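In my numbering, the protein residues as written are 26 to 320.
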């Protein structure tokens, strides 16, 4: 249980970091690229055998091309998330990210036949109701998304679900095996490579500059980011059902992020939003209890 609590905490820290970028005038993409470089270095330091370099054994492994895909998804999804948080707020963006549990749980049940009884179903129904309630704008009840960012929020949702499904697949299909640390570290390394290539193109065009703030922000972001992915893979490896783990993590992050957004960033919530938070609490409780009963 401490692992899932730590995972929730570090994942929440990522959203807070993105929210602070604008306040401290951090160049978002610079910080994101440095963040993935930090993740690569951190993984190499924790387990030297799993890190650098990208040698032939890594390239010929069954999971390498999954890592390349994951790296591209990582850096694209992170940039979209950061942009959405800075413009639409922590609550709405986190909501769309965590709404990915609907697609993720559907995948785990349909393709891996994970146990899904009435308790799990009840938890998911409450989770969807909570997400819809938290989505309501203050002073109005509507199931539409606030303009002008419906497209970017939809992309945040789809990319978050795709990353979760890909992580679940490579872990449960046995592609990674005992090379969990190597898979995680090289996934971050792939994201860093894509990022530096993009920055290199900008530099050749004379459109790139780097500040000390960008470096510090990237380092502060990289540490929780590394552990957020590593802990998800570790819990799956320990036998957690994806249909239970993902809802617990997603809704817990949503609740914690909403609390921080209201208290520290003064984001406004309506009565319907608070009902959604209450429903999310019940959902987490039910899904957590279902985990203790799962065969």
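Even glycine gets a Cβ: it sits at the ideal position worked out from N, Cα and C.
Keep in mind that this is a model prediction, so the values were computed, not measured.
Going by Cα to Cα distance, which pick from the options is closest to residue i?
i: residue 32; options: 69, 181, 271; result: 271
i: residue 178; options: 196, 121, 204, 156; result: 121
i: residue 253; options: 54, 215, 68, 59; result: 68
i: residue 96; options: 65, 233, 236, 142; result: 65
i: residue 274; options: 230, 47, 310, 243; result: 310
i: residue 245; options: 199, 150, 41; result: 41
i: residue 238; options: 27, 28, 47, 29; result: 47
i: residue 213; options: 288, 242, 94, 147; result: 94
i: residue 154; options: 137, 180, 124; result: 124
i: residue 130; options: 60, 116, 181, 145; result: 145
i: residue 128; options: 231, 229, 186, 203; result: 186
i: residue 295; options: 152, 71, 116; result: 116
i: residue 197; options: 230, 266, 233, 182; result: 266
i: residue 180; options: 98, 288, 226; result: 98
i: residue 204; options: 255, 225, 288; result: 255
i: residue 28; options: 190, 104, 258; result: 258
i: residue 30; options: 308, 138, 289, 260; result: 260
i: residue 262; options: 289, 231, 192, 79; result: 192
i: residue 264; options: 107, 286, 199, 126; result: 199
i: residue 189; options: 231, 126, 236, 138; result: 126
Along the chain, where does the alpha helix (DSSP H) that runs through residue i open and close?
i: residue 94; result: 89 to 113
i: residue 205; result: 205 to 229
i: residue 261; result: 237 to 262
i: residue 128; result: 126 to 137
i: residue 72; result: No alpha helix (DSSP H) holds residue 72; DSSP gives it neither H nor E.
i: residue 202; result: Per DSSP, residue 202 belongs to no alpha helix (DSSP H) and is neither H nor E.
i: residue 350; result: The requested residue 350 is not part of the displayed model; the chain covers only 26 to 320.
i: residue 9; result: No statement about residue 9 is possible, as the shown extent of the chain runs from 26 to 320 and does not include it.
i: residue 83; result: 81 to 84
For residue i, count neighbouring Cβ atoms within 10 angstroms of its own Cβ and tell me buried if that reaches 16, exposed if not.
i: residue 44; result: buried
i: residue 219; result: buried
i: residue 102; result: buried
i: residue 184; result: buried
i: residue 92; result: buried
i: residue 143; result: exposed
i: residue 55; result: buried
i: residue 149; result: buried
i: residue 228; result: exposed
i: residue 222; result: exposed
i: residue 303; result: exposed
i: residue 156; result: buried
i: residue 119; result: buried
i: residue 132; result: buried
i: residue 114; result: buried
i: residue 288; result: exposed
i: residue 226; result: exposed
Looking only at its own chain, which residues have a Cβ that is under 8 Å from the Cβ of residue i, when we skip the five neighbours before and after it?
i: residue 83; result: 89, 207, 211
i: residue 306; result: 280
i: residue 104; result: 53, 54, 57
Note down, in chain order, each residue of its chain lying with its Cβ closer than 6 Å to the Cβ of residue i, except the 5 sequence neighbours on either side.
i: residue 36; result: 253, 278
i: residue 62; result: 217
i: residue 173; result: Residue placement at residue 173 cannot be trusted, given a pLDDT of 40 that sits under 50; the coordinates are not used to answer.
i: residue 169; result: Bear in mind that the predicted position of residue 169 carries a pLDDT of just 49, short of 50, making it too unreliable to give a figure here.
i: residue 249; result: 35, 38, 39
i: residue 215; result: 92, 93, 96
Residues in its own chain within less than 7 Å of residue i by CB, not counting five upstream and five downstream?
i: residue 300; result: 158
i: residue 201; result: 88, 195, 208
i: residue 60; result: 243, 246, 247, 250
i: residue 314; result: 144
i: residue 312; result: 145, 148, 269, 272, 273
i: residue 51; result: 238, 239, 242
Heavy atom of the ligand ATP less than 7 Å from the Cβ of residue i, yes or no?
i: residue 31; result: Although the ligand ATP was asked about, the structure shown includes no ligands whatsoever.
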